[in-house]
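Peer 1: Can you read through this structure? Questions will come right after.
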Amino acid sequence: MAANENNRPQAPKSARVAFGIIMIVVYLGMGLLFIFNVFDIINPVVSYVIGGLLIVYGIFRGYRLYVGSN
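Here the sequence shown stands for residues 6 to 75, where the numbers follow the numbering used here.
Structure below.
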């Protein structure tokens, strides 16, 4: 394992990128599941808001991964 500037162990970059991609897919997938109301939430507005937030956060994580600031 490599060490960062604080001399703490850090996972290899390929593992961090792979985990980042998996998490982006999870956030986008969960957002779509909420938007299509798969979880049968009584108030659809709540489902849309949570789904929208998860999708926006997934896009944000994807952007951070793309520019390399994760």
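C-beta atoms are modelled at their ideal positions from N, C-alpha and C, and glycine is treated no differently. As the structure is a prediction and not an experimental result, all values here were calculated from the model.
In this structure, how does DSSP classify P14 when only helix, strand and coil are distinguished?
Peer 2: P14 falls in the strand class under three-state DSSP.
Peer 1: Among L37, V31 and G67, which residue has its Cα nearest to the Cα of G56?
Peer 2: It is L37 whose Cα lies nearest to the Cα of G56.
Peer 1: In or out: L59 buried (at least 16 other Cβ within 10 Å) or exposed?
Peer 2: Flag for L59 reads buried.
Peer 1: Below 8 Å on the Cβ atoms is my guess for L70 versus G25; work out the distance and round it to an integer in Å.
Peer 2: Their Cβ separation, rounded to whole angstroms, is 4 Å, which keeps L70 and G25 in contact under 8 Å.
Peer 1: First and last residue of the alpha helix (DSSP H) that includes V50?
Peer 2: Looking at the DSSP string, the run of the alpha helix (DSSP H) that includes V50 is P49 to V72.
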